[in-house]
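Numbering (this note's numbering), first residue to last: 92 to 350. Worksheet: the structure to be examined is printed underneath.
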Ligand SMILES: Cc1cc2nc3c(=O)[nH]c(=O)nc-3n(C[C@H](O)[C@H](O)[C@H](O)COP(=O)(O)OP(=O)(O)OC[C@H]3O[C@@H](n4cnc5c(N)ncnc54)[C@H](O)[C@@H]3O)c2cc1C
């Protein structure tokens with residue numbers, strides 16, 4: 092069974108991010124790392140391929156400056172190879188443009204299953220996976236907290252607000268996974284050494300047959316019109332007990348509609 096995992100490489104969340112005042116987007120010229128959200132998809136894919144007893148895991152990433160730092164981490168976990176789409180024409184690409192690029196890269200392979208995270212840690216629109224599925228003409232299942240493959244389909248426990256739905260879907264399909272679907276492994280020393288020589292196919296927008304005018308700033312259907320600091324958190328209300336604290340707390344929770 093061949094599984095493709097969409098892997099986003101993001102600025103290290105441990106370093107305070109910086110916005111470019113001109114483009115109003117996050118600066119991504121520093122080293123990028125594997126988005127932790129995607130380490131769950133990589134682990135899930137490795138376990139599914141192991142269980143199937145054949146096949147391999149391929150990573151697909153779109154990132155600036157031919158960045159492979161995050162891909163090497165996922166290769167060290169056990170993925171076999173990667174496709175990296177990097178091209179100056181992609182600067183300013185919005186979520187739909189990203190989906191077009193990922194779909195074109197995935198379309199060059201014939202995976203049985205495509206995995207992505209439910210949302211990335213930096214952009215977190217949570218829109219890319221469903222758009223990739225639509226562009227590839229694949230059915231998609233979102234918010235998977237458990238995946239099993241049986242015959243020609245996947246059985247997914249799909250996280251809901253009050254539990255989960257059991258969903259069955261024929262393959263090929265795209266499934267987006269939640270954090271916690273599996274516990275990602277730490278790359279071993281052997282894995283890290285092996286990752287250095289695993290193939291990373293670097294491709295451009297032209298290689299994928301995508302018109303450069305349909306991605307990047309030129310192709311953007313979204314525009315960032317303003318940025319402002321998040322409001323500081325307001326201090327909470329301290330309730331001193333004068334015999335009626337319980338009533339005031341109940342009234343407060345009632346107002347929040349949590350009762
Ligand atoms: C006007 C505009 C300009 C922008 N300009 C830039 C820019 O110049 N540079 C830039 O880096 N970002 C830019 N962005 C942000 C960029 O569009 C989003 O980060 C990107 O589209 C993915 O959206 P997301 O992170 O919200 O994805 P989500 O939908 O939250 O991601 C869910 C999952 O989809 C997969 N996925 C998402 N993105 C990728 C990827 N790149 N590679 C592989 N898998 C992926 C991953 O599995 C991810 O966990 C811009 C956004 C806008 C609106």
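Every residue, glycine too, gets a C-beta built ideally from N, C-alpha and C. Since the structure is predicted, the reported quantities are computational estimates derived from the model, not experimental observations.
Residue 136 to residue 330 span [Cα, whole Å]: So the alpha carbons of these two residues sit roughly 50 Å apart.
Residue 272 Cβ short of 6 Å to ligand 1 heavy atom set: Flag unset: Cβ of residue 272 not near ligand 1.
For residue 259, the three-state DSSP class (helix, strand or coil): DSSP places residue 259 in strand when its eight states are reduced to three.
The stretch 231-239 touching the stretch 148-158, judged by at least three CB pairs closer than 8 Å: Touching, no.
Cβ of residue 206 within 7 Å of any chain B Cβ: No chain B appears in this structure, which consists of one protein chain only.
Limits of the alpha helix (DSSP H) - the one that residue 346 falls within: Its alpha helix (DSSP H) spans residues 336-346.
Own chain partners of residue 300 with C-beta closer than 8 Å, once the 5 adjacent residues on each side are dropped: Once the five neighbours on either side are set aside, the close Cβ partners of residue 300 are 195.
Proximity test, residue 210 beta-carbon vs ligand 1 heavy atom, cut-off 6 Å: Flag set: Cβ of residue 210 near ligand 1.
CB-CB length for residue 192 against residue 205, believed under 8 Å: The C-beta distance from residue 192 to residue 205 rounds to 14 Å, too long to fall under 8 Å, and the pair is not in contact.
As assigned by DSSP and simplified to three states, the class of residue 244: Correct three-state label for residue 244: strand.
Best match in 178, 94 and 284 for proximity to residue 308 [C-alpha to C-alpha]: Of the candidates 178, 94 and 284, the one whose C-alpha sits nearest the C-alpha of residue 308 is 178.
Counterpart residues of residue 153 in DSSP-defined beta bridges: For residue 153, which the question treats as bridged, DSSP gives the partners 176.
Contact check, residue 150 vs residue 170, beta carbons under 7 Å: Yes, the pair counts as a contact, with Cβ atoms nearer than the cut-off.
Residue environment, residue 228, which counts as buried when at least 16 other CB atoms sit within 10 Å: Exposed, by the Cβ-count rule.
The stretch 265-281 in contact with the stretch 122-136 per 3-pair CB rule at 8 Å: Yes, the stretch 265-281 is in contact with the stretch 122-136.
From 310, 242, 256 and 145, residue whose alpha carbon lies closest to that of residue 189: Measuring from the Cα of residue 189, the nearest candidate turns out to be 310.
Straight-line Cα distance separating residue 334 from residue 269: When rounded, the distance between both Cα atoms is 44 Å.
Segment limits, beta strand (DSSP E) that includes residue 265: That run of the beta strand (DSSP E) goes 264-268.
Extent of the continuous beta strand (DSSP E) to which residue 293 belongs: Per DSSP, residue 293 belongs to the beta strand (DSSP E) from 291-294.
Beta-carbon proximity of residue 263 to residue 203, cut-off 7 Å: Cβ atoms of residue 263 and residue 203: closer than 7 Å.
Where residue 220 sits in the DSSP three-state scheme: If DSSP states are grouped into helix, strand and coil, residue 220 belongs with the helices.
Residue 208 versus 326, 349 and 98, residue with shortest Cα-Cα distance: Ranking 326, 349 and 98 by CA distance to the CA of residue 208 puts 98 first.
Coarse secondary structure for residue 98, derived from DSSP in three states: Three-state result, residue 98: coil.
CB contact flag (residue 100, residue 123, <7 Å): Between residue 100 and residue 123, the C-beta spacing is below 7 Å.
In chain order, each alpha helix (DSSP H) run of at least 4 residues that lies wholly inside the stretch 116-162: Fully enclosed alpha helix (DSSP H) runs of 4 or longer: 127-143.
Exposed unless 16 or more other CB atoms sit within 10 angstroms - verdict on residue 120: Label assigned to residue 120: exposed.
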